[in-house]
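Here this note's numbering is used: the first residue of the sequence shown is 338, the next is one more, and so on.
For glycine and all other residues, C-beta sits at the position ideal for the given N, C-alpha and C.
Since the model is a prediction, treat every value here as computed from it, not as a measurement.
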Amino acid sequence: MNDLITISSSALPDVGTRVIGFRGVEAISKPYEIEIFVSLEGSEGDEVDFADAIGAKAKLIIDRTDDKLPPFIFAGVLAGIDLLHAVEGRSLVRVVLVPRLRLLGLSKHSRIFTKMSVPDVIEAILSDNGFSGDDYELRLGSYETEEHICQYRESDLDFISRWMEREGIYYYFLHSEDGEKLILADDKTYEEDALGMPIRYFPQLGQDQSAGASFRSFIARHRTLPSAIKLKDYDYARPNLALSGSASVSSTGAGEVSLYGERFFTPSAGERLAKLRAEELLAREVVYHAEGSRSHIRPGSKFDLEDHPRPALNTTYLAIAVHHFGNQAAGFSAFKKFLDFEHDDVYFCELDAIPAKVQFRAESSTHWPRIFGFENGIVDGSADSEYAQIDDQGRYSVKFKFDETNLKDGRASTFVRMMQPHGGGIEGFHFPLRKGTEVLFSFLGGDPDRPVISGVTPNALTPSPVTSGNHTLNVIQTGGRNRFELDDRNGQQRVTLSTPHENSYIRMGYPNARHQLIAYTNRNTIVNAGEDFDLRVGQVQGSGIWDALIKNHWKTHVEAGGVALGVVTAPGDPEAGTYALVAEQNISLTADKGNYSLNVTKGAWVTNVEQDTTWTIKTGNTKIDTQAGTTQLLSKKKVTVDSTDNAMDIHAKNKIFINSTTGQIEIKTDTADVKIDGKSNVHIESHGPMTIKSVGELTQESKQKWYARSWGDFVKLNFSMGVGFTIGMTSDTKIGIFNENLIGGKMELTLAMKAAISMAINIECAMGLTVKNKIGPAEIIYRNASIKNCNLWFKNSVGPKVESSIMRLQRAGVHIALA
């Protein structure tokens, strides 16, 4: 007698292996499990190595000889073997047949997949577990690339299952002599009925089997659904973008499902996910349950029902789950108490189905892992750089410590944000992290796919800047050794801000070398105050020293406004009130625009210069104003006052005194006139000989009397030509001792009032002397003088009488004789 149900496996002997019965369940998007009870007989059965049998391929076959149906095959691998009982040369063994996919549930991994679509991730997992292209088939549409997908402490089966459930991907298996084949689909690409025949509905009572392979019962179960699905999310890269999606579920539904954080980044993706969730619910709105002896019904395949008294039920269905039962336990009474079979039929099934017109979606039943604590990792980057490698949003590539992959150089994650203690529209706080820095991650909503850097943790390679050796310090230090240090030692509090570049630092607080505030750098320094800048020394203690040491130049430039430097006195301090400006070389004060003013309100202004002094005024005037006291200009050598382009004026309300103790006084003009103008008397006195010399014409003019006096014994006038005297009123010539006119030309004096010549010198005239009075009477007075001349006359052109005869005049002992 040939068995209708057989098992074939390299792990079991071909002889002496008989199937007593089986039971198991297949369902869409679930690995099947078939429990097979086997009797091993004879010595071959005793030699079976159960340990070696685990993982071996096997096939369970139902093949009836009384029909023309193809064999009904369950293929897979042996996942378990139990020895239940042994008696009289027989052993009762239970083996468990599962698909190879089921073995993926035995693993547990944590790893990151970046820049891959969900189908790509699934194929990568299958490939890692030994699946080839012949072992599975993808019947999928297109999917967007995911930046970051995390598998966290979960099996490969759970990992791909939860992502397939989320994305609306379902799977089932096809069985053949070659084994099982995994089919992944996301549309209504259901398998056709393997037998291609409708299944008759024929309710049976008792042992009536006249209907053959049919459904004895067909139950319809209806469930209430929510009315709608609403999803919302947030994308920090586009915070103003409203991310939402919604889908209607049932017009008669009660309530709605609203979910936040379903991880989508565009409105269209939100609508797609909402539609998938609605289809997931609708796939369970009406579920049909059938029981019968019809074989070859598999999850993922369709079948037609006929002969149901409700015509509406005679339609096409999709099997979503099938419970299989097989029984050929006749002759195995010794094992009966271990079997407990539910049905006596050689084959019997119980199945769940939905209308084939409904889109099936697997129920989101796989647990989505949550991380409610922290995980550690390191900052990563594409290059070995001493600087932080961040993107245009300040995010980091990281490497999670739990990540098993060998991805590196910035490919082990998407860019991850870092939490900061402060931020806002334009404000913020960020100390960039370098590659290799250890960090802690938290996860939004516990979702492994939404990490955030929560902070930095030190380790032996990246130690803390504060340890037991400097535990009183509070330190911020960058990778470039820029450092902000606050020392909290009692009585020695100090703040230091430093950078290694040119040894630059600012230190405040507890003193170094007597100083509570130090600003230092080896190179240049600039202090820029947009408005006022106040510097005060000694305001607290009442005294203080400002000591400025400049080894090179000191320049102060005031673009607008003035510079005021005030020094006040202090009792008991002999140096107080003193401003000393000392330069070993040059001192330069420049006012580009405006005035330069130096005021000494009390005391003297003393300037000592060992070499030359130069004052250059390019466009304006120079004024020395001594409001009280005397102005002296002293020079051991020559003093030169030179006006190269214009006149020079010397004004005094009182006396102007020019004195040369040993040398000459010379007033000279190269091309212009020399004028001495006195509003009152002009007195020119020489204690020695005095010479008045003119290369050209010499004119002496007086609007009143003109006196020429000489207290000596001789007056001499030398003229190479004529001399003319023109006198408007009275002309007095008063000559002491002797007067001799030796005039070769003409000497003419023209006066408005009175002209007097008083000279203590000799006047000689070698020619005739003419005195003309054109206005009034003329008078010539000679004292102790003689005039020697020929043809001497006096002419009065205005008076009533002209005398030209021989006459004798006597005036004050002077005789004038005319021949």
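Sub-9 Å separation of residue i and residue j beta-carbons
i, j, result
"glutamate 679", "arginine 360", "yes"
"alanine 445", "glutamate 474", "According to the sequence displayed, residue 445 carries lysine and not alanine. Against a cut-off of 9 Å, the Cβ pair of glutamate 474 and lysine 445 comes out as no contact."
"leucine 650", "alanine 557", "yes"
"leucine 455", "tyrosine 369", "In the sequence under discussion, the amino acid at residue 455 is valine, which differs from the leucine named in the question. Going by C-beta atoms, valine 455 is not nearer than 9 Å to tyrosine 369."
"arginine 431", "phenylalanine 374", "yes"
"isoleucine 790", "valine 832", "no"
"lysine 751", "alanine 693", "According to the sequence as given, residue 751 is threonine; it is not lysine. It is not a contact, given that the beta carbons lie outside the stated cut-off."
"valine 874", "isoleucine 887", "no"
"leucine 655", "serine 632", "no"
"isoleucine 536", "aspartate 523", "no"
"glutamate 700", "alanine 627", "no"
"asparagine 807", "leucine 823", "no"
"glutamate 372", "valine 414", "no"
"tyrosine 847", "tyrosine 857", "no"
"leucine 1232", "leucine 596", "Absent from the structure is residue 1232, since the part of the chain shown begins at 338 and ends at 1156."
"glutamate 727", "glycine 773", "Reading off the sequence, residue 727 comes out as isoleucine, not glutamate. No; because the gap between Cβ atoms is not below 9 Å, this pair is not in contact."
"isoleucine 486", "aspartate 717", "no"
"leucine 406", "leucine 532", "yes"
"threonine 482", "arginine 748", "no"
"proline 800", "arginine 490", "no"
"phenylalanine 685", "isoleucine 357", "no"
"serine 513", "alanine 412", "yes"
Residues that residue i bridges to, as DSSP identifies them
i, result
"histidine 852", "Asn849"
"arginine 844", "Thr833 and Ile855"
"asparagine 664", "Gly358"
"proline 692", "Tyr654"
"proline 788", "Phe780"
"glycine 417", "Val433"
"lysine 736", "Ile715"
"glycine 363", "It should be pointed out that residue 363 corresponds to glutamate in this sequence rather than to glycine. Looking at the DSSP assignment, glutamate 363 forms a beta bridge with Val659."
"glutamate 517", "His512"
"tyrosine 507", "Ala522"
"isoleucine 371", "Gly361 and Leu434"
"aspartate 824", "Leu810 and Arg831"
"leucine 410", "According to the sequence as given, residue 410 is isoleucine; it is not leucine. Answer is Ile398."
Simplified DSSP state of residue i, which is helix, strand or coil
i, result
"alanine 461", "helix"
"valine 352", "coil"
"glycine 379", "helix"
"aspartate 871", "coil"
"glycine 806", "helix"
"isoleucine 708", "coil"
"serine 346", "strand"
"proline 646", "coil"
"methionine 330", "This structure cannot settle anything about residue 330, because the visible part of the chain is limited to 338 through 1156."
"isoleucine 536", "strand"
"methionine 501", "helix"
"aspartate 340", "coil"
"phenylalanine 635", "For the record, residue 635 in the displayed sequence is arginine; it is not phenylalanine. Looking at arginine 635 - three-state DSSP - the assignment turns out to be coil, as it is neither helix nor strand."
"methionine 1096", "Annotation note: pLDDT 41 at methionine 1096 (below 50); position unreliable, coordinate value reported separately. Looking at methionine 1096 - three-state DSSP - the assignment turns out to be strand."
"lysine 567", "strand"
"glycine 467", "coil"
"alanine 390", "helix"
"proline 604", "helix"
"glutamate 617", "helix"
"lysine 396", "strand"
"glycine 442", "helix"
"valine 1135", "Below a pLDDT of 50, predicted positions are generally treated as unreliable, and valine 1135, at 45, falls in that range; the measurement from the model is reported next regardless. Coil at valine 1135, not helix or strand."
"aspartate 641", "strand"
Supposed contact pair residue j and residue i - C-beta distance, whole angstroms, cut 8 Å
i, j, result
"alanine 711", "leucine 777", "In the sequence under discussion, the amino acid at residue 711 is phenylalanine, which differs from the alanine named in the question. 5 Å between Cβ atoms; contact."
"serine 581", "glycine 607", "5 Å"
"tyrosine 480", "isoleucine 365", "At roughly 20 Å, the Cβ-Cβ gap does not stay under 8 Å, so tyrosine 480 and isoleucine 365 are not in contact."
"arginine 771", "alanine 720", "Their Cβ separation, rounded to whole angstroms, is 11 Å, which puts arginine 771 and alanine 720 out of contact at 8 Å."
"arginine 439", "alanine 461", "Going by Cβ atoms, the distance from arginine 439 to alanine 461 rounds to 19 Å, so no, they are not a contact pair."
Residue i: CB within 8 Å of a non-hydrogen atom of the ligand COA
i, result
"isoleucine 790", "With respect to the ligand COA, the structure offers nothing, as it holds no ligand at all."
Given 8 Å, three or more beta-carbon pairs between the stretch 578 to 594 and the stretch 612 to 622: yes
Touching by the beta-carbon criterion (3+ pairs, under 8 Å), the stretch 465 to 473 and the stretch 375 to 394: no
Touch test, the stretch 482 to 500 against the stretch 388 to 400, Cβ-Cβ under 8 Å, three pairs minimum: no
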